[in-house]
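Chains as they are written, first to last, in our numbering: chain X, 1171 to 1374; chain Z, 1171 to 1374.
Working notes, structure below.
2 protein chains.
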Amino acid sequence: MSRRLEILRRATEVFQRQGFAGTSIEDIGRAVGIKREGIYYYFRSKEEMLLEIILPQSNSLLLTMRSIMRSNTSATEKLQSALQNHLDSFNPAYLEMIVALREGHSFKNDDKLRELRRIWRQYSDLWVALVEEGQQRGEFRSGYNPQIVAYGILGMCNWLSRWYDPAKGVALDEIIRTYLDMVLHGMALPQAATATTERAWEPG
Amino acid sequence: MSRRLEILRRATEVFQRQGFAGTSIEDIGRAVGIKREGIYYYFRSKEEMLLEIILPQSNSLLLTMRSIMRSNTSATEKLQSALQNHLDSFNPAYLEMIVALREGHSFKNDDKLRELRRIWRQYSDLWVALVEEGQQRGEFRSGYNPQIVAYGILGMCNWLSRWYDPAKGVALDEIIRTYLDMVLHGMALPQAATATTERAWEPG
């Protein structure tokens, strides 16, 4: 493993443990076992490290989402794969990262930041397209703004950064199953519909 | 309006415009029209200001949620009121605030921060209780962890901080209606069920 990559790995751990704002270049140097000058030899700032950590993750999320959208399946199955893809590559420090990148005035015009924004935009556009596709194919209810729906699903998932702890209790599979059912079928027990459906299946 | 309150109002505006991390005491002083020493006469830090802005908002959210939970209505109606309450008092800078408060090592043992955490915990516990109540009354599907469901709904709503701009297009009412329908009935068109229901209503 290259020294550069090793620094990024350690930085990822420290960011997740202490939060981005609460991490100094010294902390990362200590975790790697070198002085801060050694870190600055490879990176200009901790923002640059953060970007180099998030960019490949986000890019792989986008590539998988693209291939899901191209697949020859129903929108419902695409939704399932997309949820799985999103939550499987879920990063617990996601909220911090978003806020750090939004607030990091020092690197507002950075090329990598622009690249990351472009990836995130394309990724959420694909989610909106997924909902639209489901509506057009008659699989999803129409009459709803696909953007509101798509961003609602993403919010549901991304909120895990606020409460989900992989070390504690709840399994990611259960979360994926719950959110998929919730988004597709809702939480209300369709009492009346169930009753009439049952009656419809009674013989003659 | 007291000077203290005026500072808080201006600070709210500056935080929303520049983000919490990107705001200095000088920026707030400039917005109020006094020097930074004048700000420090009233507040120890911008973290203290942030807490004094969020505490009353969060407390009023909790009080309304409590009265919703005590109301003599179905869990479905409670869900509607709770969503409305949450999104009506929605603060666009919410993500920043959460992260700032989580990362603000300087005031980790602050009494006000402890108070805020207590309010947020009670508030989300009430959301979990709402889902449980719906399940127990047979209004919501059972077999799902109420915490995962409740946090999913909260995530859906809180994600607005990331994309919602009151000045642009989408109305809050439409968002409330969409998320309520999505959480209750889901996005899938129940094709088979619709077909059989229709048939069930056909005369004899």
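Using N, Cα and C, we set each Cβ at its ideal position, and we do this for glycine too.
Asked, Found
"Closest Cα partner of X/H1256 within the set X/G1356, X/L1350, X/G1192, X/I1195", "X/L1350"
"Straight-line gap, Z/L1324 to Z/Y1264 (C-alpha atoms, nearest Å)", "12 Å"
"Short-range partners of chain X found in the segment 1316-1348 of chain Z, where Cβ spacing is below 8 Å", "Q1317, I1318, V1319, Y1321, G1322, I1323, L1324, G1325, M1326, C1327, N1328, W1329, L1330, R1332, W1333, V1340, E1344, I1345, T1348"
"In DSSP terms, what X/A1358 is bridged to", "Z/F1310"
"Neighbour flag for Z/V1298 against chain X, beta carbons, 8 Å", "no"
"Counted within 10 angstroms of its Cβ, other Cβ atoms place Z/P1336 as buried (16 or more) or exposed", "exposed"
"Check whether Z/V1319 and X/T1348 have beta carbons under 8 Å apart", "yes"
"Close-in-space but distant-in-sequence residues of the same chain around X/L1286 (CB under 8 Å, 5 per side omitted)", "L1221, I1224, L1225, S1228, L1271"
"When X/I1195, X/Q1292, X/V1340, X/G1199 are compared against Z/Q1317, the one with the closest alpha-carbon", "X/V1340"
"With 16 other Cβ atoms within 10 Å as the buried cut-off, status of Z/R1180", "buried"
"For X/D1295, the three-state DSSP class (helix, strand or coil)", "helix"
"C-beta neighbour in chain Z for X/F1185, strict 8 Å", "no"
"C-beta contact flag for X/R1240 and X/Y1212 at 8 Å", "no"
"First and last residue of the uninterrupted alpha helix (DSSP H) at X/R1214", "No alpha helix (DSSP H) contains X/R1214, which DSSP labels as neither H nor E."
"Environment of X/L1231 [buried if 16+ CB atoms lie within 10 Å]", "buried"
"Nearest-angstrom Cα separation, counted from X/V1202 out to Z/W1333", "37 Å"
"Burial state of X/G1199 (16 or more Cβ within 10 Å)", "buried"
"Through-space distance from Z/E1217 to Z/L1283, alpha-carbon basis", "9 Å"
"For X/P1316, the three-state DSSP class (helix, strand or coil)", "helix"
"Cα-Cα separation between Z/L1359 and Z/D1343, rounded to whole angstroms", "23 Å"
"Partners in chain X for Z/A1252, counting only beta-carbon separations shorter than 7 Å", "Ordered by position in chain X, no residue passes the 7 Å Cβ test against Z/A1252, which lies about 13 Å from the chain."
"Proximal residues of chain Z, C-beta to C-beta of X/V1353 below 7 Å", "M1352, G1356, M1357"
"Residues from the segment 1199-1229 of chain Z in contact with chain X, defined by Cβ distance under 9 Å", "none"
"Burial state of Z/L1354 (16 or more Cβ within 10 Å)", "buried"
"Reference Z/D1258; option with closest CA among Z/S1312, Z/Q1306, Z/S1172, Z/I1346", "Z/I1346"
"Contacts around X/Q1188, its chain only, beta-carbon distance under 8 Å, and the 5 residues preceding and following it disregarded", "D1197"
"Contact set between Z/T1182 and chain X, taken where Cβ atoms lie within less than 9 Å", "By Cβ distance, chain X contributes nothing, its closest Cβ being about 16 Å from Z/T1182, past 9 Å."
"Identity of the residue in Z/M1171, Z/V1298, Z/Q1292 nearest Z/L1233 by Cα", "Z/Q1292"
"8 Å Cβ cut-off: residues of chain X touching Z/T1243", "In chain order: nothing, as chain X lies at least about 15 Å away."
"When X/E1266, X/T1243, X/F1260, X/S1172 are compared against X/F1400, the one with the closest alpha-carbon", "With chain X covering 1171 to 1374 only, the question about residue 1400 of chain X has no answer from this structure."
"Sequence-distant residues of the same chain with beta carbon closer than 7 Å to Z/Y1314, five excluded per side", "none"
"Three-state secondary structure (DSSP) of X/I1204", "coil"
"8 Å Cβ cutoff met for Z/L1253 and Z/G1304", "no"
"Boundaries of the alpha helix (DSSP H) in which Z/V1340 is found, first to last residue", "Where Z/V1340 is concerned, there is no enclosing alpha helix (DSSP H), given that its DSSP letter is neither H nor E."
"Cβ of X/T1246 within 8 Å of any chain Z Cβ", "yes"
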